[in-house]
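Just below is one structure, and these are the notes that go with it.
Chains as they are written, first to last, in this note's numbering: chain A, 1 to 573; chain B, 1001 to 1169.
In structure tokens:
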């Protein structure tokens, strides 16, 4: 017997095992919401803005390993998820996003709330399609979940015209799907992998570069086993941090623009760079001509197109990280790298990541406090200085994971993504590290956190500036702080060179603001109050807490490499 | 930098051409021409794309095309024996009698196996229909542009198929 499209939509979600969707209603999706109401077992999370919605879905997907499912209306509902699609595309997060669309007959007529969302998002989705025939609906949804989760994961968009939702058609939801143009790589070329391993084996100064691919493939165990067997030191990208516990003796630190001195030095000095699951983004390589100049490079990645794009590699290996590591663990023999490790340690002790305690509350002390307070946690960062401090100083291991917007660098990502992570992991602590700039981009989602009874701990580092840009203005633009001071008013002098006693007050008052939502607000102005505030926030289980840490406006992220410069030219002080 | 050709089997669906073209613009790849039509299987279209690029970029273009769900197969035609033709119309205008004869002569010189034909003639103009390779068409256009005041050019873009026996281009 034929059923309506809306019935098949819900049936498909059930068969895909979806228990939570992130949805915001509107004219062209009311039928679908009505069907969800009738069905009753799928939780519908209603955020306060579609951008917050899709970031929440990303946080949910990243923290649970499930697909994040979004449902928004046509027109503005659809365009509001674009930033999140781009973010998920960049960071390989599996999402299936349904957008409502005007009825088929009205497409192209400038109908109310009509946009060509498939056209707009073609370059930032893994696959996108408008359903034009009711009989294709089941197949398309099946394809969407398959494509989103396999190979290099990513967001898929399904545009659903209103009349397709009510049209009758086949009741079957396919069990599997064949796509002739899509064959995700499920094997590894053993000969090539052996060649790569042989290089590593013969190396005198070997280094492993671990990217986000290891975390995405769920290959941390295999990775650790491999590293411990071969005894080769490890550096990570920001997305790869946590691939090896950060207190592991073979772990050096992050590499790249704000990486550790010793990590970047090791990359510059190594003779074999064995890299897994990274795209050699410009934030990692700096000046490409000076990147790993002495090294032969082995590159394992699931995405063919990521190999030999930015950095020409000596041994390319197309493979899922987990699969490759399973073989590597088998072959691995211990190497004597003691002398090389000692050299790296010397660099590290000469220029360690500084633990500053000299100016009230420092970001380092806040991160240290977080490390001490949460015996297990999912950390979610925003973007900017807060993100760099979090990725530099937070300890990660089996019980402490991190979610961050790495590729797109989306300010406003952190808070909603943390809410999504909490919804997917209600038994775990979820700690959001954010800044006063990025937090304000999606702080309307406090309502979502409160109604979802999701007691996220927000560590808001308030330096009263858009700090990362302010840092560049300070270092490279003669302290001309254009458009980065968040206290600046019309009445301020034109050529301000930084804070003075005459500055206007900061708005909003985050503590009062949090309390107005029925959430908790704590302001920390003294270093000795950091831990107590964190413990208090951890204890609040009824509602979210915002801890506003008043840090100095002058804080900068160090070390750093100026964009486009060689990684060996680090600014340390 | 040199010209290279790719044949692409794609799903014959709405938006696929836009997606392929969008890849080239979005990633700053240099496309010379693109032709597309359905194949013996109506659900599949075949594109012939000519690009100008260096080796590294060309590898990247092929990989990126392969990543697309809608792309069924990517064939690099650069160094394989193929038959390739491009349809070209050239209207040569404002001619006196002597120049007209010259156009006829040029057409004859370029002709091989009836691939350059005079298909229409007016009091002071001649219309040529050519089915040569892209590069021979380039040569012909260059010559006509040099010798005559006004020409109008309409090109179809190259189509290519792998050879059965010969290495003909």
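All residues carry an ideal CB built from backbone N, CA and C; glycine is no exception.
Predicted, not measured: the structure shown is a model, and the values here were computed from it.
From the options, residue whose alpha carbon lies closest to that of residue i
i: residue 272 (chain A); options: A:115, A:233 and A:507; result: A:233
i: residue 1068 (chain B); options: B:1117, B:1021 and B:1145; result: B:1021
i: residue 156 (chain A); options: A:214, A:169, A:58 and A:295; result: A:58
i: residue 479 (chain A); options: A:489, A:327 and A:499; result: A:499
i: residue 1065 (chain B); options: A:370, A:98, A:129 and A:305; result: A:305
i: residue 65 (chain A); options: A:154, A:350, A:407 and A:569; result: A:154
i: residue 412 (chain A); options: A:438, A:493, A:398 and A:389; result: A:438
i: residue 136 (chain A); options: A:173, A:101 and A:124; result: A:173
i: residue 300 (chain A); options: A:315, A:27 and A:541; result: A:315
i: residue 53 (chain A); options: A:449, A:336, A:469 and A:492; result: A:449
i: residue 4 (chain A); options: A:567, A:171, A:489 and A:46; result: A:171
i: residue 551 (chain A); options: A:559, A:40 and A:460; result: A:460
Residues of its chain near residue i, where Cβ-Cβ distance is below 6 Å and the 5 sequence neighbours each way are ignored
i: residue 1120 (chain B); result: 1127
i: residue 458 (chain A); result: 432 and 546
i: residue 430 (chain A); result: 378, 418, 421, 422 and 456
i: residue 16 (chain A); result: 145
i: residue 280 (chain A); result: 310 and 311
i: residue 184 (chain A); result: 150 and 151
i: residue 405 (chain A); result: 87, 383 and 413
i: residue 1009 (chain B); result: 1044, 1046, 1072 and 1073
i: residue 388 (chain A); result: 258 and 557
Helix, strand or coil at residue i [DSSP, three-state]
i: residue 566 (chain A); result: strand
i: residue 1053 (chain B); result: strand
i: residue 1171 (chain B); result: For chain B, the structure presents residues 1001 to 1169; residue 1171 (chain B) sits outside this window and is missing.
i: residue 308 (chain A); result: coil
i: residue 113 (chain A); result: coil
i: residue 546 (chain A); result: strand
i: residue 1133 (chain B); result: coil
i: residue 1154 (chain B); result: strand
i: residue 24 (chain A); result: coil
i: residue 191 (chain A); result: helix
i: residue 1025 (chain B); result: helix
i: residue 89 (chain A); result: helix
i: residue 1164 (chain B); result: coil
i: residue 68 (chain A); result: strand
i: residue 452 (chain A); result: coil
i: residue 53 (chain A); result: helix
i: residue 395 (chain A); result: coil
i: residue 102 (chain A); result: coil
i: residue 1001 (chain B); result: coil
i: residue 16 (chain A); result: coil
i: residue 406 (chain A); result: coil
Residue i at chain D interface by Cβ criterion, 8 Å
i: residue 255 (chain A); result: Checking the listed chains, one finds no chain D in this structure; the protein chains it contains are A and B.
Interface flag, residue i vs chain A, CB-CB below 8 Å
i: residue 1042 (chain B); result: no
i: residue 1037 (chain B); result: no
i: residue 1066 (chain B); result: yes
i: residue 1072 (chain B); result: yes
i: residue 1153 (chain B); result: no
i: residue 1051 (chain B); result: no
i: residue 1018 (chain B); result: yes
i: residue 1011 (chain B); result: yes
i: residue 1022 (chain B); result: yes
Any C-beta of chain B under 8 Å from that of residue i
i: residue 180 (chain A); result: yes
i: residue 278 (chain A); result: no
i: residue 123 (chain A); result: yes
i: residue 119 (chain A); result: yes
i: residue 140 (chain A); result: no
i: residue 147 (chain A); result: yes
i: residue 134 (chain A); result: no
i: residue 527 (chain A); result: no
i: residue 127 (chain A); result: yes
i: residue 217 (chain A); result: no
i: residue 111 (chain A); result: no
i: residue 304 (chain A); result: yes
Cβ shell of residue i (< 8 Å), same chain only, five flanking positions each side left out
i: residue 252 (chain A); result: 233, 234, 235, 260, 262, 263, 266, 344 and 348
i: residue 1019 (chain B); result: 1068 and 1070
Same chain only: Cβ atoms within 7 Å of residue i, ignoring 5 sequence neighbours per side
i: residue 43 (chain A); result: 19 and 20
i: residue 465 (chain A); result: 484, 485, 486 and 553
i: residue 223 (chain A); result: 210, 214, 243, 244 and 325
Residue i beta carbon near the ligand SAM (any heavy atom closer than 7 Å)
i: residue 257 (chain A); result: As for the ligand SAM, it is missing from this structure, which has no ligand bound.
Q. Counting only runs that start and end within the region 253–336 of chain A, where is the beta strand (DSSP E) found for 3 or more residues in a row?
A. 272–276, 296–301 and 315–318
- [ ] Pick out the complete beta strand (DSSP E) segments inside the region 133–185 of chain A, 3 residues or longer, and give them in chain order.
- [x] 155–161
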